[in-house]
Structure formats: C-alpha cells, structure tokens
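Engineer:
Below, the structure written as structure tokens:
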C-alpha cells in the first residue's frame with residue numbers, strides 16, 4: 003500500500019558556502035524527484051554535498067538558488083513532516099529512552115501524555131528494546147541507540163524520512179542487523195525515504211532506486227533502478243541480479259581510474 | 067612503487083606464528099570472563115591471515131597477546147620456533163611485531179617524516195640524519211613524498227593509515243598486526259586502502275595478522291579467513307581464499323568471490339546474532 | 698626497561714592476569730603506600746623541626762599542633778567560627794549561582810546579548826576578587842555584606858563563564874533534532890539548553906566553591922572579626938603558632954567537605970551521566 | 062552552539078559583534094557614571110570612571126600615582142617579578158613531579174594521597190605560616206604565590222600523562238622504544254595540552270594569591286597599592302590599581318596561551 007503523500011521535488015538547487023577567499027559551490031543545479039512511499043539511496047564520495055542536500059531538504063539551511071517542494075509546498079524551515087536520522091545519534095542524553103521517543107508528539111501537543119507514552123512503548127517493542135524504556139541513551143550500545151533514534155522519528159508519522167548515513171561507524175555485523183530492523187519498519191509501512199550511505203552493498207540491498215552522486219559540486223551522476231523483490235532477504239546479497247546491479251553501481255561510482263585519496267586539511 | 071620498500075620479497079624467511087591453545091581469562095571484576103579459549107592456528111611465513119568475528123569477541127585480546135601488550139592465561143604463542151608468550155611468560159612488545167591500530171597511532175606531535183623515522187632512531191639502528199633520509203625516500207616511494215613535513219592531524223584518515231603502514235614497514239618487522247585499521251574510514255576510502263595494503267603486501271610478503279568484522283574486507287585481502295566465535299573466542303571455521311593476486315576491486319563482484327562469501331556467510335551471521343544477544347544488556 | 702615499567706606503562710587499563718587474582722592484596726598495597734607517604738611526611742616534619750632545619754625553625758612540631766588542636770576543639774568559639782564561615786560561603790556561593798546561572802544561560806542562548814555583555818565581563822574577570830575588597834568595604838553598608846559580596850564575585854565569574862561555555866558547547870544536532878520534532882523555542886530552552894548545559898554548570902560550581910573558600914580566608918583576614926580565616930590570623934598575631942596550623946587544617950577540611958557536598962548534589966542532578 | 066549553518070553571514074556577525082561589544086562598554090560606563098553622579102543609594106562612595114581616567118593620565122596626579130609616576134611602575138614591577146618567579150618555580154618543580162606521578166605507579170601511590178590532603182588548604186591560609194617560615198616578606202610572597210600555582214601545575218600534568226591514549230604508548234614500545242624514549246617522545250608531548258591548561262590556571266591563581274598576600278603583608282606591589290589607597294581613602298587610586306591588575310593578569314595569561322600555541326602547532330587541524 004503506497005501512501006498518497008510524500009512526493010519530494012528538488013529542482014535545480016545550488017548551494018554555495020563562503021570560503022576563505024571566495025565561494026565554494028557545494029551543490030550545482032542538483033535535481034531529483036522522490037516518488038511517494040519509495041526508498042531512494044544516495045551514494046557518493048565522502049565530503050561531497052550529500053549532507054548539505056539533506057540539510058537543505060530538512061530546512062536547516064536555505065539553498066542559494068533553486069527550490070525544494072514537498073507535495074507541492076515549498077520547504078521553508080525544519081518541520082516534523084521531514085525528519086532526519088543523523089550519522090551520530092542525536093538522542094538527547096538527558097532524557098530516558100521513552101522520553102526521547104515521546105518528545106516529538108509531546109512537544110507539538112498531539113495526543114495526551116499517557117496515550118503518547120503508550121505508543122512510544124509499543125514502538126520500542128517493535129525495535130526490540132522492550133525493557134529499556136527507562137535507560138538513558140549512553141547506557142545503550144551504538145546499535146541500540148540507532149534503533150531508538152529510528153523509533154523517535156517514526157512515532158511522528160513523517161511523510162519524508164531523511165537518513166544521513168545512519169549506520170555509519172557501526173561494525174559490519176551490527177550494521178546488518180540494523181538494516182534488517184530498518185527494512186522491516188519500512189516494508190511494513192512504506193513512506194518516502196532518502197537514505198545516504200557510502201556503503202554500496204548497503205545501498206543496493208536497501209533501496210528501490212540508487213542515485214550515484216558526483217564529487218563537489220554535487221549532481222546526480224547516475225540513477226539506477228533496483229528491481230529486487232520486497233521484502234528484501236539477506237540471501238539476495240548473493241543472487242545473480244544483486245551482483246549485476248552491484249557491479250553496474252561499482253563501475254559508475256569508481257569510474258575507470260578508481261577513486262583517489264586526496265589530502266584534506 | 068612500493069616494491070622498493072625494504073626488503074625485497076622473501077629476504078627474511080621469517081614470521082611463522084603458531085598459536086597453540088591460547089586462552090585468556092579476565093577475572094578482576096566479579097565473575098571470571100573467558101575471552102579466548104583454546105585458540106589454535108598455524109600461520110605460515112608470509113601468509114595473510116584475516117580473523118573475522120563480532121566486535122568484543124576477543125580478537126583484539128588475541129592480537130594483544132601476540133604483540134606483547136597483554137599476557138595470556140594459557141597456551142602458548144610461538145614465533146619462528148621461539149615461544150614468545152605462555153601462561154608463565156608474557157611477551158614484550160618489539161619491533162619484530164608491529165601493530166597498526168584501529169584509530170591510528172601516529173604521534174600527532176611529530177611530523178609525518180619524524181613519525182616514520184621514529185623506529186630506526188629509537189632502536190639506534192641508524193643516525194638521525196640517515197633515518198630521516200630513509201623515511202623520506204620510503205614515503206616518496208609510496209607517493210606520500212609531499213606530505214612528509216605535515217602534521218598527522220592535517221591529513222585525511224586514509225592518508226594517516228598509509229603513513230602508519232610505512233612507519234611499520236620501515237622497521238622490517240617479521241609480522242604486521244592490523245587491528246581493524248580501516249574501521250573509521252568510509253567505504254570508499256576503505257576500498258582504496260585495501261588495494262594499497264595489498265600492493266605493499268605483494269611487494270614485501272610480510273606475515274600479516276589482520277582483524278576485522280567485515281566479511282567482504284576479509285575475503286578480499288586474505289589467503290585464509292578465520293571465523294572466530296563470540297565469547298569465548300574459538301576458531302569456528304577456516305576458509306582458504308584462492309583468488310589470484312594481485313587483486314582488484316572488481317573481484318568483489320565476481321562469482322568466485324560470492325561463492326566464497328556464501329560458504330562462510332552463515333557462520334559469520336550466526337556469530338553476529340549470538341554476539342548481538344550477548345551484547346544486548348551490555349553497555350555501549 | 699624492567700617488566701614493572703612496561704606494566705605501569707601499557708597495562709594501566711588491562712592489569713596482568715597474575716595481578717588480577719590478587720586484586721584485594723594489591724589494593725592494600727596501594728593504600729599502604731599512601732599511608733606510608735603521609736606518615737613519612739609527618740615524621741620528616743617532626744624531625745626537621747627538632748633538628749632545626751632552616752625553613753622549619755619557627756614551625757611547630759606535629760605534636761604541638763595536635764596539642765593545640767585538642768585545646769581548640771574544647772573552645773566553643775571555634776564552632777561559632779565554623780558556622781560563621783560556612784554561612785558566608787553559603788550566601789556568597791548561592792547568590793553567585795542564582796545570578797550567574799540564568800545570566801549565563803541567556804548569554805549562551807542569545808548571541809546578541811552575549812556580544813553586548815561578554816567583553817565587559819572579560820575585562821572585569823582578570824581582576825582578582827581580593828582586589829575588590831576595599832571598594833566593597835566602602836560601598837556596602839556593613840562589613841558582613843562586603844565580605845559576602847567579594848565571595849560572590851569569586852564564584853560568580855567562574856559559574857558564568859562555565860555556563861556560557863556549556864550552552865555554546867551543546868551539540869547543534871540536539872537543537873536541530875528538537876526543532877525538527879516540532880519543539881517551540883521555550884521547549885528548546887527548557888528541555889535542551891538547560892539540561893545540556895548542566896554538566897558545565899556543575900563543573901563551574903565545583904570550581905566556584907573552591908574559589909569561594911580561598912577568597913573567604915583572605916577576606917576574613919583583611920576585613921573580618923571572626924570566622925576560620927580570622928582564627929588563623931588571630932593566632933598569628935597572638936604568636937600562637939600551633940593554632941595557625943590548626944586553623945589551616947580546619948579550613949582545608951571545611952573546603953573539602955563543601956566540594957564533596959557540591960559534587961554529590963551535581964551528580965544527583967544528572968543521572969544520565971552515570972554509565973550504569 | 063557550534064553553528065554550522067552560518068557559512069555565509071559569519072563575517073557580518075563578527076563586525077556587528079564588535080559594535081555590540083563597544084556598545085556594552087559604553088552602556089557600562091554610562092550606567093556607572095549616572096549612578097555615581099545622581100548618588101543613587103551608596104554609589105557616591107565609588108569614584109566615577111572619568112575622574113579615574115583623568116587621574117590615571119595626569120602628569121600631576123592628585124594622589125601621587127599615574128602613568129607618569131615612577132611609583133606606579135615600581136608597584137607593577139614588584140608584583141610582576143613575584144608572580145613570574147613563583148610561576149617559574151611552580152613550573153620547574155610541578156611539571157616533572159606531575160610526570161613522575163602520572164608515569165610511576167609507586168610514586169603516585171606514595172605521594173598522591175599526601176598531595177590530596179594538603180591541597181584543600183587554600184593558598185591564602187598559608188599566609189601567616191609563610192611569613193613565619195620564610196624570613197623576609199619577599200620570599201613569603203613568592204612562596205604563597207608558588208603554592209597556588211604548584212598544585213594546578215602538578216595535578217594537570219599528572220592528568221595529562223594518565224590520559225594519553227594507550228595506543229601511542231603501545232605503538233612506541235612496538236617500534237622499539239626504551240623507557241626514556243617514551244618519556245621524552247610520547248609522555249611529555251602527549252601531556253603538553255594538559256600541562257598548558259594547568260599553567261593557564263596556575264597563572265590565574267598566582268595573581269589571585271599574590272594580590273591577597275600583598276594586601277595582607279606587603280610593603281610594595283599592586284595589592285599593597287590598592288589596600289594602602291583604601292586606608293588613605295584614595296578611591297580613585299584603588300580603581301587604577303584594580304584596572305592595572307586586570308590588564309596585567311590578562312596579558313600574562315595571554316602570554317602562556319601564546320607559548321602553548323607555539324609549542325603545539327601540531328594540534329591545528
């Protein structure tokens with residue numbers, strides 16, 4: 003069941019930052035469109051403008067030119083209809099796990115306190131953390147924190163979820179389990195998702211569509227449709243179709259010469 | 067490039083490690099925890115061995131045992147026929163077994179060239195001036211000549227790891243011990259580092275003991291992949307990887323690669339889930 | 698390089714297996730060394746005085762000090778001094794928190810207000826609190842209020858600077874996340890800024906209480922007629938040298954107890970910083 | 062909050078912040094002057110800032126102390142010499158002791174509890190004893206200032222040594238270091254950021270204690286100037302003394318900071 007809402011249109015968006023001695027162009031006439039209820043994955047070299055794009059869509063920053071429309075309405079600032087799950091978790095360390103999840107609905111005054119807490123509890127169970135409601139975030143492992151973060155976003159029923167390398171820094175095995183949790187939540191109730199990662203395998207495994215981005219200034223280099231069936235299962239990682247798509251993406255991403263490490267300062 | 071790094075392949079036919087029934091118990095706080103139990107493996111001279119297992123499963127304990135950072139509780143570790151660690155004697159760290167660490171350990175207060183020259187200088191193997199010259203030329207040979215005077219913190223993590231490998235190799239160690247050295251890098255930088263590491267390996271043929279929890283990384287690099295169980299760590303499965311060398315990143319999408327992966331994927335996934343359950347009540 | 702050296706260098710976090718088995722005895726060894734250090738110090742002190750080591754010539758022996766201490770403990774005025782000093786520290790310190798914390802929160806939160814006020818405070822801050830004593834005495838109607846004012850200044854700048862720094866160190870992600878989730882500015886202040894700055898405020902308090910006691914001693918010597926600092930000075934003027942040291946030790950204990958109290962209150966106010 | 066969104070308008074804010082800062086000063090001086098001028102509550106007891114500036118810059122100061130009188134510089138010189146002597150002594154003794162305590166388990170076990178017992182005694186409580194122990198007011202002042210700076214230096218150095226990342230020590234041993242190589246190449250530079258934090262604090266408390274010492278028992282110096290002016294009811298000179306202390310205190314901290322930055326260029330990213 004695809005939702006009716008959640009169509010995101012980014013059209014010809016540019017973003018420049020003032021730099022020492024001039025302006026650095028991070029995004030250059032970048033356009034992309036997300037269909038309601040689909041999961042789009044963005045991959046590209048680190049330090050390219052992926053996070054900037056997420057910040058623009060979330061409304062934390064304004065584009066230098068171009069416009070961003072969600073369901074036809076321009077984006078003018080942060081809002082609970084577009085939620086970001088950050089690279090490092092942004093759980094409030096001073097609130098219990100349950101208070102963190104309930105924060106959004108309570109801050110906006112949607113629903114009575116007891117009802118919100120009840121929903122938060124249910125969601126906590128869904129991400130496999132029943133019994134951790136009264137812990138503080140720092141008392142949880144990295145993987146558990148990411149799951150709380152997911153729950154804190156989903157309880158607000160956002161039309162668009164922005165995932166900014168949400169599993170980065172987790173070890174490969176915890177990461178796989180996080181992917182499972184994330185896929186289950188998405189497939190149970192599809193909503194528009196934009197997922198940024200630098201891990202190609204993860205990208206192909208999760209997404210309906212893959213956007214390969216260029217170096218700065220960032221544009222979409224290639225869009226690849228991923229026609230693997232849903233629900234996704236881990237055995238698909240070794241299927242022939244997965245391999246084909248993966249190889250296509252690998253070549254698109256690395257180009258002919260392969261990537262190079264540049265000195266950053 | 068790297069081929070000129072001291073010494074030529076096979077110059078020192080050394081670096082064979084035997085791990086015989088290695089055991090490690092922690093018992094200071096509360097009940098004893100068996101971190102490693104009866105861990106046995108023969109590593110040939112010049113072999114590239116990768117140990118895969120969930121994090122916190124005792125892989126690092128094992129590596130610390132070989133490096134001499136941490137004594138072992140039982141069994142023995144033998145290097146080139148000499149017992150370097152057992153229950154009764156703990157190994158000393160030394161320049162024959164150099165570690166490259168997870169988060170990097172370049173001294174931030176020394177420039178790149180001073181870092182690389184550090185080993186030869188403190189071992190009194192050469193004069194300061196000579197060590198610096200050697201360091202400079204070693205850096206130049208792997209394409210890092212123009213960062214020689216930079217401080218590590220001004221460099222990307224990928225470049226830092228490359229410098230750290232040069233710092234290790236210039237001492238002509240028998241064994242390289244790598245403890246998830248690329249964990250902090252993003253996937254793309256990591257794939258570059260894999261190729262760089264393999265170039266250095268092909269040129270020097272040191273024994274490499276590499277720890278990771280990333281199966282793709284393991285298969286791509288290794289001659290043998292050893293799957294270690296979660297607490298206590300034991301050898302669960304050994305996979306021989308016969309992909310030809312030199313290897314290229316496109317091999318990761320090859321049929322052979324995926325076949326190898328399928329062979330151990332279940333074993334690894336099973337251990338991941340074990341560790342996940344074990345790890346649940348534990349702290350971050 | 699002996700084995701012990703490597704042990705202390707690299708086994709600091711991961712003690713050796715053999716050491717682990719005898720943890721209890723090891724703890725005792727560490728504690729015993731500490732006791733030995735303190736006893737050794739006292740013995741050296743006693744011997745130094747007895748053998749007329751130059752600097753220690755006029756210093757009383759530990760035995761004399763103990764005797765004077767015994768005497769002082771039986772003097773009811775001593776306990777009054779404790780109460781008076783504690784009262785001054787308490788009022789000065791609490792005033793500094795009541796004014797400094799809200800001001801610091803506001804300065805951290807509103808950039809324009811910070812730009813307006815911070816430079817003035819930065820210029821006033823390096824002036825040592827004691828340099829304020831004369832003006833304070835002139836300005837305030839009673840000696841008591843002038844002492845409290847100087848104590849207030851001592852703690853005020855510390856807590857203010859720490860609070861401002863604490864607010865500014867709050868990770869932008871928390872604020873962004875809260876705004877995204879629909880929080881109003883008031884909610885952001887109450888549920889993000891305030892708790893987020895609390896650890897830094899706690900640090901400011903812990904440092905501030907120490908400074909308050911230091912200032913108290915000097916303020917009492919310069920402008921007081923009672924209190925533990927004055928007790929010490931009075932003993933000096935009267936030539937009762939052992940009592941000087943009794944006074945010093947009393948102040949040390951008082952300061953230590955206050956820090957302990959502050960630290961435990963702070964820790965209690967921030968349950969999330971505990972890891973278990 | 063580290064504001065990542067301010068990329069473009071940052072420079073404009075820098076200018077407006079300067080303007081606001083200046084406005085803050087004007088406001089502060091104006092409010093003070095008005096309070097004094099209209100004698101609000103007890104504010105007439107304080108000098109107004111204009112007469113302070115007039116006296117300070119006068120060639121013929123009413124109370125004998127201004128930018129043009131040698132007496133002013135004698136006081137500055139006396140205080141500065143004391144602080145720097147005490148500070149140098151505290152650094153020379155405190156840094157090695159701190160490294161020893163951080164590096165050697167036995168030394169830490171023996172000495173640290175003793176240090177922790179003595180530390181809570183405020184440096185100023187040492188005033189009477191210092192006067193008795195050290196003949197001569199000069200050495201008593203320096204001792205007092207030293208005590209204050211010493212503890213900050215020792216404790217921060219020790220903390221610096223114990224918080225050096227284990228992997229640096231391990232890497233150093235791996236590469237074949239001996240014990241002294243490690244002390245010189247890893248422990249000292251690794252602890253340097255903490256050492257300089259300690260020195261920064263030490264400089265602050267040194268001035269703090271010195272002023273108190275000079276007020277209580279001095280015969281020359283800025284603290285003495287302030288107290289003496291109070292006794293003689295020269296409120297204008299009190300404020301001159303206070304401002305001078307503020308400026309010199311700020312400059313000496315800045316000097317420590319500057320040396321720290323010079324020694325730790327490697328910290329820049």
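Protein chains in written order, with this note's numbering: chain C, 3 to 267; chain A, 67 to 350; chain H, 698 to 973; chain W, 62 to 330.
Positions of the beta carbon are idealized from the N, C-alpha and C atoms, including for glycine.
(1) Could you tell me which chain W residues have their CB closer than 8 Å to the CB of residue 821 of chain H, listed as they occur along the chain?
(2) With C-beta atoms as the reference, is residue 894 of chain H less than 9 Å away from residue 867 of chain H?
(3) Residues of the stretch 867–894 of chain H in Cβ contact with chain C at a cutoff of 8 Å, in chain order, please.
(4) For residue 192 of chain A, does the three-state DSSP call read helix, strand or coil?
(5) Can you have a look at residue 134 of chain W and say buried or exposed, based on whether 16 or more other CB atoms are within 10 angstroms of its CB?
(6) Below 9 Å between beta carbons is the criterion; list the residues of the stretch 267–282 of chain A that meet it against any residue of chain C, in chain order.
(7) Go ahead and pull the three-state DSSP assignment for residue 755 of chain H.
(8) Could you give the DSSP three-state label for residue 94 of chain W: helix, strand or coil?
(9) To the nearest angstrom, report how far apart residue 33 of chain C and residue 25 of chain C are at their CA atoms.
(10) Report the residue from W:107, W:108 and W:129 whose alpha carbon sits nearest the alpha carbon of residue 117 of chain W.
(11) For residue 187 of chain A, count neighbouring C-beta atoms within 10 Å of its own C-beta (all shown protein chains included) and say buried if the count is 16 or more, exposed if not.
(12) In the stretch 161–184 of chain W, which residues sit with their C-beta less than 8 Å from some C-beta in chain A, listed in chain order?
(13) Establish whether the CB of residue 39 of chain A and some CB of chain C are separated by less than 9 Å.
(14) Just verifying my parser: in three-state terms, what is the DSSP assignment at residue 195 of chain C?
(15) Using the beta-carbon count (16 or more within 10 Å), is residue 729 of chain H buried or exposed?
(16) DSSP on residue 260 of chain A, reduced to helix/strand/coil?
(17) On the criterion of 16 or more Cβ atoms from any shown chain inside 10 Å, does residue 308 of chain A qualify as buried, or is it exposed?
(18) From residue 321 of chain A to residue 145 of chain A, what distance separates their C-alpha atoms?
(19) Report the option in W:162, W:242 and W:260 whose CA atom is closest to the CA atom of residue 319 of chain W.
(20) Is any beta-carbon of chain W found at less than 9 Å from that of residue 71 of chain A?
(21) Among all the DSSP beta bridges, which residues are the ones paired with residue 140 of chain A?
(22) Assign residue 192 of chain W to buried or exposed, taking buried as 16 or more other Cβ atoms, counted over all protein chains shown, within 10 Å of its Cβ.
(23) For residue 88 of chain C, which residues in chain H fall below 8 Å Cβ to Cβ?
(24) Kindly list, in the order they appear in chain H, the residues whose Cβ is closer than 8 Å to that of residue 158 of chain C.
(25) For residue 188 of chain W and chain D, any beta-carbon pair shorter than 9 Å?
(26) Any idea if residue 295 of chain A is buried or exposed, counting beta-carbon neighbours within 10 angstroms, 16 or more meaning buried?
(27) Which residue marks the beginning of the alpha helix (DSSP H) containing residue 287 of chain A, and which one marks its end?
(28) Among the candidates H:938, H:950, H:846 and H:870, whose CA atom is the shortest distance from the CA of residue 754 of chain H?
(29) Cα-Cα, which of C:139, C:206 and C:225 is closest to residue 214 of chain C?
(30) Looking only at its chain, what residues have a beta carbon closer than 7 Å to the beta carbon of residue 959 of chain H, apart from the 5 residues adjacent to it on each side?
(31) Who does residue 105 of chain A pair with in a DSSP beta bridge?
(32) Just to make sure I have the definition right: I need the residues of chain H whose C-beta is within less than 7 Å of the C-beta of residue 78 of chain W. Which are they?
(33) Taking only three categories from DSSP, how would you classify residue 354 of chain A?
(34) Could you work out which residues of chain W lie near residue 727 of chain H, taking near to mean beta carbons separated by less than 7 Å?
(35) If you reduce the DSSP assignment to three classes, tell me which class residue 215 of chain A lands in.
(36) Any idea if residue 196 of chain A is buried or exposed, counting beta-carbon neighbours within 10 angstroms, 16 or more meaning buried?
Structural biologist: In short, the structure shows the following:
(1) For the purposes of this step, residue 821 of chain H is identified with residue 124 of the third chain, where counting begins at 1. Those within 8 Å of residue 821 of chain H in chain W are 307.
(2) Mapped onto the third chain, residue 894 of chain H falls at position 197. Mapped onto the third chain, residue 867 of chain H falls at position 170. Cβ atoms of residue 894 of chain H and residue 867 of chain H: closer than 9 Å.
(3) 868, 870, 871, 873, 874, 875, 876, 877, 878, 879, 880, 881, 884, 888, 889, 892 and 893
(4) Residue 192 of chain A sits at position 126 when you count from the first residue of the second chain. It is coil, neither helix nor strand.
(5) As a working note, residue 134 of chain W is residue 73 in the fourth chain. Residue 134 of chain W comes out exposed.
(6) 278, 279, 280, 281 and 282
(7) As a working mapping, residue 755 of chain H is identified with position 58 in the third chain. The answer is coil: DSSP assigns residue 755 of chain H none of H, G, I, E or B.
(8) One-based indexing of the fourth chain puts residue 94 of chain W at position 33. Helix, per DSSP.
(9) Along the first chain, one-based indexing puts residue 33 of chain C at 31. Along the first chain, one-based indexing puts residue 25 of chain C at 23. Between residue 33 of chain C and residue 25 of chain C, the C-alpha separation is close to 21 Å.
(10) Locating residue 117 of chain W in the fourth chain gives position 56, counting from the first residue. Among W:107, W:108 and W:129, the Cα nearest to that of residue 117 of chain W belongs to W:129.
(11) Residue 187 of chain A sits at position 121 when you count from the first residue of the second chain. Classification of residue 187 of chain A: buried, given that the 10 Å Cβ count is 16 or more.
(12) none
(13) Past the edges of chain A, shown from 67 to 350, lies residue 39 of chain A, and the structure says nothing about it.
(14) Taking the first chain and counting its residues from 1, one reaches residue 195 of chain C at position 193. Reduced to three states, the DSSP call for residue 195 of chain C is strand.
(15) Working through the third chain from its first residue, we reach residue 729 of chain H at position 32. So residue 729 of chain H ends up on the exposed side.
(16) Residue 260 of chain A sits at position 194 when you count from the first residue of the second chain. Here residue 260 of chain A sits in helix by DSSP.
(17) The residue given as residue 308 of chain A occupies position 242 in the second chain. The residue is exposed, with fewer than 16 neighbouring Cβ atoms inside 10 Å.
(18) Looking up residue 321 of chain A in the second chain gives position 255. Looking up residue 145 of chain A in the second chain gives position 79. If I take the Cα positions, the gap works out to 37 Å.
(19) Position 258 of the fourth chain, counted from the start, is the residue given in the question as residue 319 of chain W. That would be W:260, whose Cα lies nearest to the Cα of residue 319 of chain W.
(20) Stepping through the second chain from its first residue, residue 71 of chain A is reached at position 5. Confidence is the limiting factor: at residue 71 of chain A the pLDDT is only 47, short of 50, which leaves the residue's position unreliable and the question unanswerable from this model.
(21) If you number the second chain from 1, residue 140 of chain A lands on position 74. Beta-bridge pairing links residue 140 of chain A to A:89.
(22) Counting from one through the fourth chain, the residue named residue 192 of chain W turns up at place 131. Burial call: buried.
(23) As a first step, residue 88 of chain C is located in the first chain; it is residue number 86 there, counting from the start. Chain H residues near residue 88 of chain C: 870 and 874.
(24) For the purposes of this step, residue 158 of chain C is taken as the residue at position 156 of the first chain. Going along chain H in sequence order, the residues near residue 158 of chain C (Cβ under 8 Å) are 878 and 879.
(25) Of the protein chains in the structure, C, A, H and W, none is chain D.
(26) Start at 1 with the first residue of the second chain, and residue 295 of chain A comes out as number 229. Buried, since its Cβ has 16 or more Cβ neighbours within 10 Å.
(27) The residue given as residue 287 of chain A occupies position 221 in the second chain. First-last of the alpha helix (DSSP H) with residue 287 of chain A: 281–287.
(28) Here residue 754 of chain H refers to the residue found at position 57 of the third chain. Minimum Cα distance to residue 754 of chain H is reached at H:938.
(29) Residue mapping note: residue 214 of chain C aligns to position 212 of the first chain, counting from 1. Nearest of C:139, C:206 and C:225 to residue 214 of chain C, Cα basis: C:225.
(30) Walking along the third chain from the start, residue 959 of chain H turns up at place 262. Taken in chain order, the residues that qualify are 902, 903 and 906.
(31) Numbered from its first residue, the second chain carries residue 105 of chain A at position 39. DSSP output for residue 105 of chain A lists A:88 as bridge partner(s).
(32) Indexing the fourth chain from 1 puts residue 78 of chain W at position 17. 812, listed in chain order.
(33) A query on residue 354 of chain A cannot be resolved here, the shown segment of chain A reaching from 67 to 350 and no further.
(34) On the third chain, residue 727 of chain H is found 30 positions in, with the first residue counted as 1. Here the neighbours are 170.
(35) Counting from one through the second chain, the residue named residue 215 of chain A turns up at place 149. The answer is coil: DSSP assigns residue 215 of chain A none of H, G, I, E or B.
(36) Here residue 196 of chain A is taken as the residue at index 130 of the second chain, counted from 1. It is exposed - the Cβ of residue 196 of chain A has fewer than 16 other Cβ atoms within 10 Å.
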